[in-house]
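The next block holds one structure in the form of structure tokens; read it before the comments.
Number of protein chains: 2
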Amino acid sequence: MGDEELEQNAKTGGDSRAYAAGAAFVEGRFVPVAEARVPILDWGFLRSDATYDVAHVWRGSFFRLEDHLDRFERGVARLRMSLPYGREEIRNVLLGCVRLSGLRDAYAEIICTRGVPPPGSRDPRDCENNFFAFVVPFVWIADPHKQERGLHATISRVRRIAPESVDPTVKNYHWLDLQKGLFDAYDRGGETAILVDAGDNVVEGPGFNVFAVKDGAISTPEHGVLEGITRKTVIELAARDRIPLEARPVPAEELRQADEVFVSSTAGGVIPITTVDGEAVGGGRPGTVTRRLREAYWDLHEDPRFSLPVAYG
Amino acid sequence: MGDEELEQNAKTGGDSRAYAAGAAFVEGRFVPVAEARVPILDWGFLRSDATYDVAHVWRGSFFRLEDHLDRFERGVARLRMSLPYGREEIRNVLLGCVRLSGLRDAYAEIICTRGVPPPGSRDPRDCENNFFAFVVPFVWIADPHKQERGLHATISRVRRIAPESVDPTVKNYHWLDLQKGLFDAYDRGGETAILVDAGDNVVEGPGFNVFAVKDGAISTPEHGVLEGITRKTVIELAARDRIPLEARPVPAEELRQADEVFVSSTAGGVIPITTVDGEAVGGGRPGTVTRRLREAYWDLHEDPRFSLPVAYG
């Protein structure tokens with residue numbers, strides 16, 4: 006799909022104010038996000054047989070979009086699906102959604118679903134896979150105020166779905182464990198949840214990877230977690246700035262004993278956790294390593310290697 | 006919603022031929038199933054934060070509908086959701102879908118989703134939960150021909166999502182493990198998959214519970230499985246007919262050594278498995294216990310205690 010076709014397609018979607026809350030691309034056309042719908046019979050819904058990715062737009066530019074597209078394409082292949090659009094078309098669809106919305110700071114999601122089976126079939130090989138996309142205003146795991154003071158997390162008694170069941174490197178919508186973890190956190194006075202594996206090692210939380218800092222060195226779980234693009238960025242920034250970092254099993258206890266804890270997510274970057282299970286981490290305020298990485302993360306958005314400006318027109 | 010309101014609502018949905026492939030109830034109105042859509046932003050889709058149930062209609066009557074509604078309501082409560090419709094309204098919606106479709110043998114699904122969060126929120130408590138329903142022609146796990154000769158199953162190396170992560174008694178759409186199991190089965194010449202737990206005990210397959218028969222006695226997994234209504238029916242029929250049955254851990258090896266293996270599902274009742282991992286089970290033909298239970302299962306559909314006739318009008 007070229008730019009011209011894109012524009013034409015967009016015109017069918019309604020007037021421009023309708024896109025202010027976000028734009029979506031569904032069933033081959035652009036629509037305001039509030040109108041966007043997926044077929045009820047799509048196994049992406051009825052079997053959560055889907056993969057997705059979320060990139061973000063910051064001050065008018067996509068950040069590390071190619072990394073997100075790489076991961077998305079790998080996930081699609083691992084689920085044995087094939088995209089009905091090529092990479093350039095998908096990039097254009099995303100740019101088209103952002104342009105339509107006019108949003109300068111946005112959250113941009115792309116989705117590949119198994120699709121709708123022929124009547125009576127229970128065989129996923131019979132499906133034509135579907136592609137959807139939508140762009141909405143930037144979503145924060147913690148708003149800037151909470152980022153300043155740090156989030157309150159609880160370590161959940163719900164176990165994250167094991168990699169022997171569902172491959173976490175294929176970004177997926179199997180979130181019932183994370184949602185239950187959130188409810189548990191709220192019940193215990195927390196604001197977010199960190200889930201563990203069967204060996205009581207920390208894994209991840211709803212939409213983020215986890216890091217601990219002890220004596221100036223960083224640790225982060227390596228197994229059973231999403232390979233987050235923000236996580237990757239943190240690892241690269243730590244290497245660049247010579248902060249020791251190890252990806253390895255991280256016992257929940259280590260998190261409770263840490264000097265600093267932070268999480269990483271496309272939905273907010275590097276975010277400090279200042280209490281775990283109600284106990285202050287370090288001094289109960291965002292630590293120096295966390296603050297330094299957070300700053301470095303946002304600074305990196307100026308780097309043209311990672312930046313794709315949107316031509317808003 | 007009363008019957009009258011239902012009728013009125015239905016009229017808005019289009020002409021009656023459009024419903025022949027199935028009818029759905031979405032966002033408060035009836036539509037042909039092919040037109041039925043769910044909001045892309047509903048966390049039922051984007052987080053698979055939903056529960057559902059599937060009942061069936063056979064020769065013009067629902068079978069054990071109240072059991073399905075009981076289970077559905079329990080699942081909704083366990084996910085801390087609340088239905089926007091009462092039980093009688095939901096029953097009427099289902100009857101309305103069947104009536105509109107005119108289907109005598111049908112598969113009837115009801116769904117409760119977390120709903121669409123307010124813009125920017127990541128808190129499931131902020132959502133108004135949604136209800137959807139649809140009815141399509143009866144779907145078989147194995148068509149009547151394959152039921153006669155028995156299905157070929159493989160025991161998958163994919164582990165079923167553990168109950169410590171996601172409560173399997175809340176019927177849910179976390180199917181990526183089951184879908185992967187299916188692909189593995191196809192690769193190995195099988196037709197369906199049976200998944201195991203971390204202890205290599207049999208758990209369940211895509212849409213069914215599993216049973217083994219040895220020396221006239223039945224065993225079926227008790228832990229980590231959906232509490233299937235057909236499974237419940239099999240357990241009740243075995244008790245009635247004095248066939249010994251134990252719900253307990255069933256090692257995968259026990260399945261390979263069994264005289265008979267069968268599965269139970271709303272999508273087909275009691276269905277024989279005649280090969281496991283390419284090896285014939287018993288004589289490689291449906292066994293006597295399986296055949297007896299299958300017959301008893303279909304006979305039970307005549308019992309008015311379990312039957313709700315649809316007034317097609």
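So the protein sequences, as listed, match chains G and R. Mapping to the numbering used here: the first sequence position 60 is 65, numbers consecutive. Mapping to the numbering used here: the second sequence position 30 is 35, numbers consecutive. Heads up, the beta-carbon is just placed ideally off N, CA and C, and yes, glycines get one too.
| Asked | Found |
| --- | --- |
| Residues of the segment 175-192 of chain G with Cβ closer than 9 Å to any Cβ of chain R, in chain order | V175, N177, Y178, H179, W180, L181, D182, L183, Q184, K185, L187, F188, Y191 |
| Contact list for the segment 50-61 of chain G against chain R, Cβ threshold 7 Å | F50, L51, R52, S53, D54 |
| Whole beta strand (DSSP E) elements within the segment 89-156 of chain G, 3-residue minimum | 111-118, 135-142 |
| Beta carbon of F67 (chain G) nearer than 8 Å to that of V281 (chain G) | no |
| Chain-ordered chain R contacts of A29 (chain G) [CB-CB under 7 Å] | I45 |
| Residue burial classification, P309 (chain G) (beta-carbon count within 10 angstroms, cutoff 16) | exposed |
| Beta-carbon gap between V98 (chain G) and Y90 (chain G) smaller than 8 Å | yes |
| I115 (chain G) beta carbon less than 8 Å from that of F143 (chain G) | no |
| CB contact check: I95 (chain R) to chain G, cutoff 8 Å | no |
| Chain G contacts from the segment 141-153 of chain R (Cβ-Cβ distance under 8 Å) | V141, P142, V144, W145, I146 |
| For F188 (chain G), the nearest candidate out of G:A272, G:A113, G:C102, G:G210 (CA to CA) | G:G210 |
| Local conformation of G18 (chain G) per DSSP, three classes | In this prediction, G18 (chain G) has a pLDDT of 47, which is less than 50 and means its spatial position is unreliable; what the coordinates show is noted afterwards. If DSSP states are grouped into helix, strand and coil, G18 (chain G) belongs with coil. |
| Bridge partner(s) assigned by DSSP for N206 (chain G) | G:P256 |
| For E265 (chain G), the first and last residue of its enclosing beta strand (DSSP E) | 265-270 |
| C-alpha distance - D128 (chain R) paired with E71 (chain G), whole-angstrom precision | 29 Å |
| Chain R within 8 Å of I278 (chain G), Cβ atoms only | no |
| Under 7 Å from the C-beta of P37 (chain G): neighbouring residues of chain R | In chain order: nothing, as chain R lies at least about 11 Å away. |
| Alpha-carbon to alpha-carbon, S87 (chain R) and Y302 (chain R) | 33 Å |
| Counted within 10 angstroms of its Cβ, other Cβ atoms place Q262 (chain G) as buried (16 or more) or exposed | exposed |
| C-beta neighbour in chain G for E133 (chain R), strict 8 Å | no |
| Local Cβ density within 10 Å of T17 (chain G), reported as buried at 16 or more and exposed below that | In this predicted model, T17 (chain G) has a pLDDT of only 47, less than 50, meaning its place in the structure is not dependable enough to derive any value. |
| Segment contact, 8 Å Cβ cut-off, at least three pairs: the segment 261-279 of chain G with the segment 197-215 of chain G | yes |
| CB contact check: V171 (chain R) to chain G, cutoff 8 Å | yes |
| Identified DSSP bridge partners for G49 (chain G) | The partner list for G49 (chain G) (beta bridge, DSSP) is empty, contrary to what the question assumes. |
| For D110 (chain G), the nearest candidate out of G:F137, G:A60, G:F136, G:T159 (CA to CA) | G:A60 |
| Inter-stretch contact at 8 Å, needing at least 3 Cβ pairs: the segment 213-224 of chain G / the segment 211-221 of chain R | no |
| Residue-chain proximity (F137 (chain G), chain R), Cβ-Cβ < 8 Å | yes |
| Against chain R: residues of the segment 66-98 of chain G by CB proximity under 8 Å | L84, R85 |
| Integer Cβ distance of S1 (chain G) from R247 (chain G), believed to fall under 8 Å | Residue 1 (chain G) cannot be examined here, being either before or after the span of chain G that is shown, 6 to 318. |
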